[in-house]
Structure formats: structure tokens, C-alpha cells
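Taken in sequence, the protein lines are chains A and B.
When you line the first sequence up against my numbering, it's residues 79 to 405, in that order.
When you line the second sequence up against my numbering, it's residues 6 to 534, in that order.
For each residue, glycine too, the CB sits at the ideal point set by N, CA and C.
Note that this is a predicted model, so its numbers are computed, not measured.
A short write-up of the structure that comes next.
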Amino acid sequence: MLAFIVQRLLQAVLVMLGVALVAFSMFRFVGDPVNNMMGQEATIQERREAAERLGLNKPVPVQFALFVKDTASGNFGVSYRQGRKVSTLLIERLPATLELAAISAILALAFGIGLGVYTAINRFGLGARLIMAGSLIGVSLPTFLIGIGLIYLFAVELRWLPSFGRGQVVKIGWWSTGLLTESGRKSLILPAITLGLFQMTLIMRLVRSEMLEVLRTDYIKFARARGVSDRMINFSHALKNTLVPVITITGLQLGSIIAFAIITETVFQWPGVGLLFIDAVQFVDIPVMSTYLLLVALVFVTINLAVDLLYYAVDPRLRVDRSAAAH
Amino acid sequence: MRTSFKYGVAVAALAVMFVSAASATPLRIARSGDSLTMDPHSQNEGPTHNMNHQIYEPLVRRAANGDLIPTLATSWTILASDPKVWEIKLRPNVKFHDGGAFTADDVVFSLKRAMAPTSDHKGLLTAVDDIVKVDDTTVHIKTKGPSPLLIQNLTNLFMMSKAWSEKNNVLVPQNFVAKEETFAVRNTNGTGAFMLVSREPDVKTVMKRNDNYWGKGTYPVEVSELTFSVIKSAPTRVAALLSGEVDFVQDMPVQDIARVSTTQGLRVNSGPENRSIFLGMNTGDKELKFSDVKGKNPFAELKVRQAMNMALDREAIKKVVMADQSIPSNTIAPPFVNGYKKEMDAIPPRDVNRAKALLAEAGYPSGFAITLHCPNDRYLNDEKICQAVVGMLGQIGIKVTLDARSKSIHFPEIQKLQTDFYLLGWGVPTYDSDYIFTFLYHTLTGQFGGFNGTRFSNADIDTKIKALSSETDLAKRNKSIADIWGVLQPYLNYIAIHNQVNAWGMKASLDVKVHPDNTIYVKEFKFAK
Numbered sequence: 079m080l081a082f083i084v085q086r087l088l089q090a091v092l093v094m095l096g097v098a099l100v101a102f103s104m105f106r107f108v109g110d111p112v113n114n115m116m117g118q119e120a121t122i123q124e125r126r127e128a129a130e131r132l133g134l135n136k137p138v139p140v141q142f143a144l145f146v147k148d149t150a151s152g153n154f155g156v157s158y159r160q161g162r163k164v165s166t167l168l169i170e171r172l173p174a175t176l177e178l179a180a181i182s183a184i185l186a187l188a189f190g191i192g193l194g195v196y197t198a199i200n201r202f203g204l205g206a207r208l209i210m211a212g213s214l215i216g217v218s219l220p221t222f223l224i225g226i227g228l229i230y231l232f233a234v235e236l237r238w239l240p241s242f243g244r245g246q247v248v249k250i251g252w253w254s255t256g257l258l259t260e261s262g263r264k265s266l267i268l269p270a271i272t273l274g275l276f277q278m279t280l281i282m283r284l285v286r287s288e289m290l291e292v293l294r295t296d297y298i299k300f301a302r303a304r305g306v307s308d309r310m311i312n313f314s315h316a317l318k319n320t321l322v323p324v325i326t327i328t329g330l331q332l333g334s335i336i337a338f339a340i341i342t343e344t345v346f347q348w349p350g351v352g353l354l355f356i357d358a359v360q361f362v363d364i365p366v367m368s369t370y371l372l373l374v375a376l377v378f379v380t381i382n383l384a385v386d387l388l389y390y391a392v393d394p395r396l397r398v399d400r401s402a403a404a405h
Numbered sequence: 006m007r008t009s010f011k012y013g014v015a016v017a018a019l020a021v022m023f024v025s026a027a028s029a030t031p032l033r034i035a036r037s038g039d040s041l042t043m044d045p046h047s048q049n050e051g052p053t054h055n056m057n058h059q060i061y062e063p064l065v066r067r068a069a070n071g072d073l074i075p076t077l078a079t080s081w082t083i084l085a086s087d088p089k090v091w092e093i094k095l096r097p098n099v100k101f102h103d104g105g106a107f108t109a110d111d112v113v114f115s116l117k118r119a120m121a122p123t124s125d126h127k128g129l130l131t132a133v134d135d136i137v138k139v140d141d142t143t144v145h146i147k148t149k150g151p152s153p154l155l156i157q158n159l160t161n162l163f164m165m166s167k168a169w170s171e172k173n174n175v176l177v178p179q180n181f182v183a184k185e186e187t188f189a190v191r192n193t194n195g196t197g198a199f200m201l202v203s204r205e206p207d208v209k210t211v212m213k214r215n216d217n218y219w220g221k222g223t224y225p226v227e228v229s230e231l232t233f234s235v236i237k238s239a240p241t242r243v244a245a246l247l248s249g250e251v252d253f254v255q256d257m258p259v260q261d262i263a264r265v266s267t268t269q270g271l272r273v274n275s276g277p278e279n280r281s282i283f284l285g286m287n288t289g290d291k292e293l294k295f296s297d298v299k300g301k302n303p304f305a306e307l308k309v310r311q312a313m314n315m316a317l318d319r320e321a322i323k324k325v326v327m328a329d330q331s332i333p334s335n336t337i338a339p340p341f342v343n344g345y346k347k348e349m350d351a352i353p354p355r356d357v358n359r360a361k362a363l364l365a366e367a368g369y370p371s372g373f374a375i376t377l378h379c380p381n382d383r384y385l386n387d388e389k390i391c392q393a394v395v396g397m398l399g400q401i402g403i404k405v406t407l408d409a410r411s412k413s414i415h416f417p418e419i420q421k422l423q424t425d426f427y428l429l430g431w432g433v434p435t436y437d438s439d440y441i442f443t444f445l446y447h448t449l450t451g452q453f454g455g456f457n458g459t460r461f462s463n464a465d466i467d468t469k470i471k472a473l474s475s476e477t478d479l480a481k482r483n484k485s486i487a488d489i490w491g492v493l494q495p496y497l498n499y500i501a502i503h504n505q506v507n508a509w510g511m512k513a514s515l516d517v518k519v520h521p522d523n524t525i526y527v528k529e530f531k532f533a534k
């Protein structure tokens, strides 16, 4: 078990180095940060001096090596756009994204699994068919459009919910949460739905097809023959066996929710790391971009590791196999 | 006895309500871009100035009609005895937000700070040799040579407190190579009508009214709490205005103006901006990199440039692309600028046949192919304007390939002379043609011509341009400007499209006139009763 974890951590470092290398080689094509940092009146002379000071004239491999060295010692640089430390910026913005991702993942899981089981059990009912048809909307409409549509309906027309921002947040240590205030909770609803709709639909369809598959198997038939209650069959036996692929998908999706909530954050002006990244790209704020990409790589690697460990918890066969192989 | 007591309480309560209602007037503003920093000298750009103008103040500022308004300076004259010295008289009895007095020491300190190597404003003060305090309310600015228009450069140069800056170790503007942020990036101490309460960059900046503001009698200062929110996405910004979550949107997307102006309780005010949008062409090189013509440069022919100018349908662009939010023009000098003449702006009538004939006369009867480089995230509908231009030039046989990209890529390419045909916009903060000549027409050197991507180079004009900054006789100077335009305007290395129009969306109880610099001065806002 320990060997497994160590092996995965080493892989993680390699993945992150790879991501950093690819990111760095792309930065040359994003534009010139000096142009954004200095007003239009700056002379050519001044711009050259600024580029020199920032180390932008050094060859790319040298810049990359310096970056790896700095990052390894915990120095992530100062944002070109805001003049503040990148680590401060990320810590300031991370709670917003993590909270949004968590709430939307919970929504997606709860409704996804719930609706998936319902539509699997009542396969031919009217309710199930309506839900399946409606779920196509969740998959085919782009996030952007769903967000704007929800804002239009709930903020502009009905005036029930706010159209942008996080509302009042309460700071607890370095974490800031919107869950403790009414405006914070209200602000979470629309972005969480927008972000979670695609995942919910995905999970729902996955759970449904897996459940239908499992409900056809022999051991379910025998359990029914034995007189086991429907509830026991559906949830205790069938659902557990559908969970392995659901965990895989959810894990990957959670990673992409955290890393790429960019569109939702832009539509709702949600002050998370996604919006920070988009602002950085438009400004060519290289320190923020490179640190963010590393953070994203770390997130994916960690989640995949957690997912793999969860397999062991959920699927007894994997536990047995391993120890059998050790003989 | 009891009823009269209740009555008394009721009256008192009503009185309190009236008093607090009258003084608690919040204003929530939304804008797509945030101020980059609260340090007034570290960034020289629009949104940063816009926010800093509420907290800090310059010596003079621009009114919407272009006049200079005395702010922290009450008068400014060039000494008759020495044309290289500006004497600035300062406003007395002004206090900073921390209670410290504003004196000449602060002016000397602030101007020197703005000249520091890490300041983004030093380009405006290159003519300055030294700044000297004469007494508590008088300052002398000594210039290297006579600088009759130096005062124009001071409209966005803010005054900071020397004592406060020393105490908080912000003697120089933030150096972006530095490892830490400085105190001034998120803390302020100005003389303005509003004081900073909290700052969350990219989210929200909150200010409250300065009750000791020197201008309380001159300006209404009705707003008691001011919140600047950043809303990047255009539809969300408009939604926030429509739902009543914000009261003022400073950059209304063009396509939503009709919707908002017909909404009950809201209004949209439009006004011309001091910014011209135009096309630049490489007239200097022997052969173009981005055209299919080998051995010669089609843009070097005046007739080709005239043909292109004649092929543009600026009215169509105004109606279709800009939803009427533009003012077609024929010169890259906006009307606010000293040196602008209406004759320069006379647009030649659109004539596709005549344009084709001109092209044939120039030796290109079947036109030619060229790439147009365009930004897509800087000016109002910039990419759409370029798309319209492509279609219009196609009608006279010029096949244009459009390359639209971010301003971060576009502007450096213009500066490095890596484009032959491009769209550019140019604002003129000093309201003088000198500014346009220096950056857009002067030959490219280390100090001048920074955005002259047309490779236009005329030694005689260069000399005349340089002489403008030290010419003290204003009549002579204006004549020289007219002469320079007389050469540049018909040369047509730039084809002007239009002057940009800004639209501000706001609650109907406000009626704020659009300022050509796209700056708001909240102390002037009045709510209709």
C-alpha cells in the first residue's frame, strides 16, 4: 500500500514538471506582458529596460530552469498585473473556487445518483422519460448559456437571487466562506447549478445505465427469488456495484470542475482562481499563469490518487487480489 | 401624558430617519476592468486613474468640455522673468484623509515620485528639471527648456502626502520585479472626496465620503458610500443594472443600449470619447511582408491609399457595427484636440468606381491581397469593425485576410514593426496635436514614434514636431501645428474610421454627462429629487 502511494507521488512530480515545460513553451505565443504593464506613453527604451529587468530576454530553457528553482523553494513570484505575491493571490481566491466546486459536486452527486436510481427503477414511467429528455438539455447547452439564462430568469425577471459575486463572506483564518451568511448562500445557488448541471446529467445517465445492467444480473434475480426487499436490492446490492465507474467519472469531473470553472466564474463574476487565470491570460501575467497551471496539475494528480484509493475501499475484490498476488 | 410622549418619540424618530436618509446615499458602480493598484503613480492607464480620481487629486483636471479645472492648484503661470519656470499656487487649508495638511512639500515629493524610474508617469515629466518649494502654497517647476504646455501633462498626476509615504515606506512607486507588494498598493491617503474603506482587487473596492473635503461647497458630493464592483462579462453587467444590483455601469456594451434606455427607471447617456479609431499602413518599406505583391509596396502609392479611404463606408459601420455609437471621421485627431480643424474631418464621398479607377491608375487594376491585423479585446467592437473593413475593401478588389488577436500580441507587433496593415485606437490625454505627432508620426527612435507602425519618416516634420514642445509663442505654435497637419493629413498613411462614443448606463435619477476621457468624478453626481 505504502509502496503504491510513493510510486504515485513520484509520478505526480513528473507530471507536474511535464505540465510546466509545456506551459512555458506556450507562453511565448500569448503576447508581451511589458506592453500591458506600461502605459502607451512608455518609450521603446523603457520597454526594453523593463523586459530586461523581468528576465524576459533570457532564452526559454534558462527561464524555465529559473522557474523550477524558484517554485521548488516556494517562491512563486509577484503578479505582473497586481503587484502582489502570487501565493497570496492564490490563497485568497482558492476558497471561492473550492467552495463552489464542492457545492456543485454535492448537488451533482445527490441529484445524479438519486435521479439515476429513480429512472433505472421506474424505467418506463412518465416521470423517468421526462427526466431523460430534460437531461439532454443539461448535456447539450453550453455552460455560458445556462448561466446567462439562469441570471436572466432569477436575477433580472424574478429578482430572487443575485446576478454576480459571492455576497457577504466570513473569513475563518485563511479560508473565506459564503455559507454562513444569507447573501453568501443565495449567491452560491445559480453558479453551483450552472457548474453542476453537466456533471449531474452525466452521473445520472451513468448510474441509470449501470443500474439497468446490474438489475439484469443473476445474483439480483436470486436475491429477489429469496424474497429480499426491493429497497435492499436496489440500494444495498445494485447501487454499490454501480459505484466504481461513477467514482472514476466523478473524480475526473471534480478535477475539471475545480480547474476549469473558468466559464462559470466569468459569467457570475465569482472571485475564484478560474477568473484569476483568465485575467492573467489576458494580461500575459506569466507568474500567475504558470503557478496556476502547476496547481491544476497538482489537483488532478491528487484527485486521481484519491480515486484509486477509494477503489480499494469500495471494491473488496481489489483488496483480495493484491494480497493474493503477494504470495 | 403618555400620548404626548409617544408623539415626541415618533417625531424624534422621523427626524432621525430624515437626517440619516438624506446622508446615506450609496452608489454602486460596475465596470469590466478593475484598477490595477491604489498606488497613484505606478500605472498610467484608464481604469486605474478612474478609481484614483475619487481618492486622490491632481493639481488640475479636465472638465468634460476640455477646460482645465483648478483642483489642488489654484493658478498656474509661466514666470515672465524666466520662461523655464512654472509657478503653481496651491489651494490653502486642504487636509489629507489622515488629517495632515497639504503643502508645497507634498507637491515636490509627489512630482519627484512620479519621475522615479519605477513610475509609469515619468514619460509625462521628461521636460522637468527640478521642482522647488517657494513657500507653503507656492511651487516652482523648473523645466529644461521652455515648456508652455507642461500643465496639460499634470491632469492625471496625483498628489500624495510626503509624511504618510515616509511613514509607510512607499517613497517610490511599486517596482513590479519586487518580491512584495508595497503598502500603497492597497492603502491610500489622498485629499479627495472619498476615503478608501476596503479593497479586494478584482472584486470590490468600497469608499466612503470624506466629510472634511475642501470641495464640499463647490461640489454636491451627494454620494456617501461608493462601491466599485468588477463585472467582466458584458451580459452579467447589464443584468446587474437591470436587476437593480448596481446603479451605474461605466462600459455599456453597444448591443444592450437600446434595451436599457427603454427600461423604466434606467437611462443611457452617450458622449464622444477623446479617442480615434483608424487603420495604419506600412508606407515605408520597399516590399510588404503580408501582401502578395512582390518587388513593390502597394501602400507606398498615394492613389492606393486614397482609393482605400474612398472605399470605406463609415456610415454603414456606424449604423450596423456600432449601433450608432460612433462619429465617422477623416482625421486621426479627435475634435477635442488642439490643432483639429473641421476641414480635416471632411469625409470624401464613398465612390467604389472611382476607387477602382484610382487603383488601376496606381498600377493595381486587379487589386492585391494583404493581411489586416486587428485587436479583439481592446476597442468597442474592434474585431467587427475590421470584418466590415474586409468586406468594403473587397469591393474594390483588395482581398484582405483578417488576423484578429489579443491586444497583448497586437500592440507589441505594431511597436516592433511586424505588421503592414493594422487597426489602432489612440486617445489624447493632453488634448494637443503634439501628442499624436510624437507617438504616431515621428520617425521611430528610442524616445519618439513608439506607435508609428507606418514607418512614415520625414526629417523636416520630425524637426518641426520636436520644436513644438519648446515654442512659447502660442500663435506661432498653433501655426506650426496647422502646417504639420497640412503635410500629414493628405498623406493618408493613416485612414481614420471614427471617433469612439462611450455609453454609460445609470439609474434614471442620475444624469451624468459622459466625459471624453471616460472618467467619472463621483463628487459631481447629483440625484434628481
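Query, Result
"Starting from the Cα of D425 (chain B), find the closest Cα among B:K389, B:S462, B:I322 and B:S296 and give me that residue.", "B:S296"
"For the beta strand (DSSP E) that contains I146 (chain B), what are its first and last residues?", "T143 to T148"
"Which of the three DSSP states is assigned to H415 (chain B) in this structure?", "helix"
"Answer yes or no: does any C-beta atom of chain A fall closer than 8 angstroms to that of E186 (chain B)?", "yes"
"Taking CB distances under 8 angstroms as the criterion, tell me whether M116 (chain A) reaches chain B.", "yes"
"Determine which residues of the stretch 450 to 461 of chain B have a Cβ less than 9 angstroms from any Cβ of chain A, and write them out in chain order.", "T450, G451, Q452, F453, G454, G455 and F456"
"Are the CB atoms of T272 (chain A) and T221 (chain A) within a distance shorter than 8 angstroms?", "yes"
"Could you give the distance in angstroms between the alpha-carbon of A26 (chain B) and the alpha-carbon of R214 (chain B)?", "Its pLDDT being 43, under 50, A26 (chain B) is placed unreliably by the model, and the measurement read from it follows with that caveat. Approximately 15 angstroms between the Cα atoms of the pair."
"Going by other Cβ atoms of all chains shown within 10 Å of its Cβ, with 16 needed for buried, is T295 (chain A) buried or exposed?", "exposed"
"Starting from G491 (chain B), trace the alpha helix (DSSP H) both ways and give me its first and last residue.", "L479 to Y496"
"For K294 (chain B), count neighbouring Cβ atoms within 10 angstroms of its own Cβ and tell me buried if that reaches 16, exposed if not.", "exposed"
"Counting only C-beta atoms, is E45 (chain A) closer than 8 angstroms to chain B at any point?", "The question about residue 45 (chain A) has no answer, for chain A in this structure spans 79 to 405."
"Should G216 (chain A) be labelled buried (16 or more other beta-carbon atoms within 10 Å of its own) or exposed?", "buried"
"Compute the Euclidean distance between the alpha carbons of I466 (chain B) and G150 (chain B), then round it to the nearest angstrom.", "20 angstroms"
"Count the CB pairs spanning the stretch 106 to 115 of chain A and the stretch 400 to 414 of chain B that are closer than 8 angstroms, and state whether there are at least three.", "yes"
"Looking at chain A, is there any beta carbon in it that lies within less than 8 angstroms of the beta carbon of S266 (chain B)?", "no"
"Considering only C-alpha positions, which residue in the set B:D439, B:D318 and B:L84 is nearest to Q400 (chain B)?", "B:D318"
"K250 (chain B) touches chain A at which residues, Cβ-Cβ below 8 angstroms?", "Note on residue identity: the sequence assigns Glu, not Lys, to residue 250 (chain B). A233, P240, S241 and F242, listed in chain order."
"Under 9 angstroms Cβ-Cβ, which residues of chain B neighbour K264 (chain A)?", "Residues of chain B passing the Cβ test: none, with the nearest at roughly 12 angstroms."
"Please state if the CB of V99 (chain B) and the CB of A78 (chain B) are separated by a distance shorter than 8 angstroms.", "no"
"Listed from N- to C-terminal order along the chain, which residues in the stretch 334 to 348 of chain A have their beta-carbon within a distance smaller than 9 angstroms of any beta-carbon of chain B?", "T344, V345, F346 and Q347"
"In three-state DSSP terms, what is A26 (chain B)?", "Confidence in A26 (chain B) is poor, its pLDDT being 43 and thus under 50, which makes the residue's placement too unreliable to answer from."
"For T123 (chain B), which option in B:L95, B:Q311, B:Q48 and B:E388 has the closest C-alpha, if you only look at C-alpha atoms?", "B:Q48"
"By Cβ distance, which residues of its chain are closer than 6 angstroms to V298 (chain B), with the 5 residues on each side in sequence left out?", "F373"
"In the DSSP output, which residue or residues are listed as bridge partners for Q505 (chain B)?", "B:S331"
"With 8 angstroms set as the bound, which would you pick, yes or no: does the beta-carbon of V138 (chain A) sit closer than that to a beta-carbon of chain B?", "no"
"Are the Cβ atoms of L284 (chain B) and L428 (chain B) separated by less than 8 angstroms?", "yes"
"Flag this pair as yes or no: are the beta carbons of M310 (chain A) and S213 (chain A) separated by less than 8 angstroms?", "no"
"Report the rounded CA-to-CA distance for E476 (chain B) versus K89 (chain B), giving the unit in angstroms.", "11 angstroms"
"Measure the CB-CB distance between A384 (chain A) and A179 (chain A) and report whether it falls below 8 angstroms.", "no"
"Over what stretch of residues does the alpha helix (DSSP H) that includes R96 (chain B) continue unbroken?", "R96 (chain B) -> no alpha helix (DSSP H), and no H or E assigned at all."
"Contact between the stretch 251 to 264 of chain A and the stretch 296 to 309 of chain A is defined here as three or more beta-carbon pairs at a separation below 8 angstroms; is this criterion met?", "no"
"Just curious, the beta strand (DSSP E) that Y427 (chain B) is in, first and last residue?", "F426 to G432"
"Fully enclosed by the stretch 303 to 372 of chain A, which alpha helix (DSSP H) runs are 4 residues long or longer?", "318 to 337, 340 to 346 and 351 to 361"
"Please report the straight-line C-alpha distance between S80 (chain B) and T459 (chain B), rounded to a whole angstrom.", "40 angstroms"
"Which of the three DSSP states, helix, strand or coil, is assigned to E177 (chain A)?", "helix"
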